[in-house]
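Chemist:
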Amino acid sequence: MATENGDNLVCVFCGSHEGSDPAYAAAATALGRELATSGYGLVYGGGGRGLMGRVARSVYENKGPVVGVMPRALMSVEGCAEEVGKVVVVDSMHQRKGMMNEHATAFIALPGGFGTLEELLEITTWSLLSIHSKPVIVLNTNGYYEALKNMVETTVAAGFVSSGNRDIIVFCDTPEEAVAAIKTYNPPETRYGLDWQTKVAT
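Just so we're aligned, residue 8 is where the sequence shown starts under the working numbering, counting upward by one.
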């Protein structure tokens, strides 16, 4: 989905810290550059610190549009990147995630903590339920998400996720592969195919 002014935005989930491996910060900077030079902008959590700040500044410095969505309560924790693009301040995490989903063409997860994992798994579940059909891509920098990849295989082997639906998430090793995967992504036909448009009669 493009924004009202035509910007083609990719939602990036990532940490508000840089992590212990310098490769994480380097991947965030490289991803921002790759997004911007490939014609994409960024919609993200609005933070100015950690990997969030790095990917936002990289997109912005490479002339890509940036939209941050920052809950008011988190401004003191994550910092607010008001100098980078546009920042929309909201009242809740639900508003933040809803707005990011509304404006996103695709989703990419960089390394991060509980918040990043929650956002990634929720947007994956939304795809399973056919709330959206957008690409869900994980940038597996230095094997950070190898345990998640293995966990997905465990859920399939245990009979909780169908073998086709494992492909809702695409794992990539480099920023270049992650951005290229946006165009080649095909949502699995094994998803639930639910109807979310029909309203309950009152």
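We put the CB at the ideal spot given by N, CA and C, even for glycine. Computed from a prediction, not measured in an experiment: that's the story for all the values here.
Report yes if the C-beta distance between Met63 and Tyr47 is below 8 Å; otherwise report no.
Modeler: Residue numbering aside, residue 63 sits at position 56 when the sequence shown is read from its first letter. Residue numbering aside, residue 47 sits at position 40 when the sequence shown is read from its first letter. The residue asked about is misnamed: residue 63 is Ala in this sequence, not Met. Against a cut-off of 8 Å, the Cβ pair of Tyr47 and Ala63 comes out as no contact.
Chemist: With H, G and I counted as helix, E and B as strand and the rest as coil, what does DSSP make of Tyr199?
Modeler: Counted from its first residue, the sequence shown places residue 199 at position 192. Looking at Tyr199 - three-state DSSP - the assignment turns out to be coil, as it is neither helix nor strand.
Chemist: Consult DSSP for Tyr51 and reduce its assignment to one of helix, strand or coil.
Modeler: Along the sequence shown, read from residue 1 onward, the residue named residue 51 stands at position 44. Three-state DSSP puts Tyr51 in a strand.
Chemist: Excluding the five sequence neighbours on either side, which residues of its own chain have a C-beta within less than 7 Å of the C-beta of Leu201, listed in chain order?
Modeler: Your numbering for residue 201 matches position 194 in the sequence shown. Contacts found: Leu136 and Ser137.
Chemist: Could you pull the DSSP bridge partners for Pro78 from this structure?
Modeler: In the sequence shown, the residue the question calls residue 78 occupies position 71. DSSP output for Pro78 lists Val97 as bridge partner(s).
Chemist: Just to confirm the assignment, what range does the alpha helix (DSSP H) spanning Ala32 have?
Modeler: Start at 1 with the first residue of the sequence shown, and residue 32 comes out as number 25. First-last of the alpha helix (DSSP H) with Ala32: Pro29 to Thr44.
Chemist: Return yes when the Cβ of Lys93 is within less than 8 Å of the Cβ of Val74, no when it is not.
Modeler: Position 67 of the sequence shown holds residue 74. Position 86 of the sequence shown holds residue 93. Yes.
Chemist: Given this structure, state the Cα-to-Cα distance separating Lys6 from Phe20, to the nearest angstrom.
Modeler: Any question about residue 6 goes unanswered here, given that the chain covers just 8 to 209.
Chemist: Assuming Glu5 contacts Ala32 (C-beta within less than 8 Å), just tell me the rounded distance between them.
Modeler: No answer is possible for residue 5: the residues shown for the chain start at 8 and end at 209.
Chemist: Using a Cβ-Cβ cut-off of 6 Å (strictly less than) and excluding sequence neighbours within five positions of Ile189, which residues of its own chain qualify?
Modeler: Here residue 189 is taken as the residue at index 182 of the sequence shown, counted from 1. Within the same chain, Ile189 has close Cβ partners Ala113 and Pro142.
Chemist: List the endpoints of the continuous alpha helix (DSSP H) containing Leu117.
Modeler: Along the sequence shown, read from residue 1 onward, the residue named residue 117 stands at position 110. That residue, Leu117, is in no alpha helix (DSSP H); it is neither H nor E in DSSP.
Chemist: State the DSSP-derived secondary structure class of Val177, mapped to helix, strand or coil.
Modeler: Working through the sequence shown from its first residue, we reach residue 177 at position 170. The answer is strand: DSSP assigns Val177 an E or B state.
Chemist: To the nearest angstrom, how far is the alpha carbon of Leu124 from that of Ser23?
Modeler: As a working note, residue 124 is residue 117 in the sequence shown. As a working note, residue 23 is residue 16 in the sequence shown. Each residue's alpha carbon lies about 13 Å from the other.
Chemist: Within 10 angstroms of the Cβ of Arg79, are there 16 or more other Cβ atoms? Answer buried if so, exposed if not.
Modeler: Position 72 of the sequence shown, counting from 1, holds the residue named residue 79. Exposed, by the Cβ-count rule.
Chemist: Which word fits Met8, buried or exposed, when buried means at least 16 other C-beta atoms lie within 10 angstroms of its C-beta?
Modeler: In the sequence shown, counting from the first residue as 1, residue 8 sits at position 1. Low per-residue confidence applies at Met8: pLDDT is 35, beneath 50, and the placement is therefore not dependable, though the value from the model is reported in the following sentence. With fewer than 16 Cβ atoms within 10 Å of its Cβ, Met8 is classed as exposed.
Chemist: What's the gap between the Cα of Asp28 and the Cα of Asn69?
Modeler: Here residue 28 corresponds to residue number 21 of the sequence shown, with the count starting at 1. Here residue 69 corresponds to residue number 62 of the sequence shown, with the count starting at 1. Cα to Cα, the separation comes out at about 24 Å.
Chemist: Along the chain, where does the beta strand (DSSP E) that runs through Ile144 open and close?
Modeler: Counting from 1 along the sequence shown, the entry for residue 144 is found at position 137. From DSSP, the beta strand (DSSP E) with Ile144 extends over Val143 to Leu146.
Chemist: Can you look up Glu11 in the DSSP assignment and give me helix, strand or coil?
Modeler: Reading the sequence shown from its first residue, position 4 is the one you call residue 11. Confidence at Glu11 is low in this model, with a pLDDT of 40, below 50, so the placement of that residue should be treated as unreliable; the coordinate-derived value is given next. Glu11: coil per DSSP, three-state reduction.
Chemist: In angstroms with no decimal places, state the Cα-to-Cα distance between Asp180 and Leu81.
Modeler: Taking the sequence shown and counting its residues from 1, one reaches residue 180 at position 173. Taking the sequence shown and counting its residues from 1, one reaches residue 81 at position 74. Those two C-alpha atoms are separated by around 30 Å.
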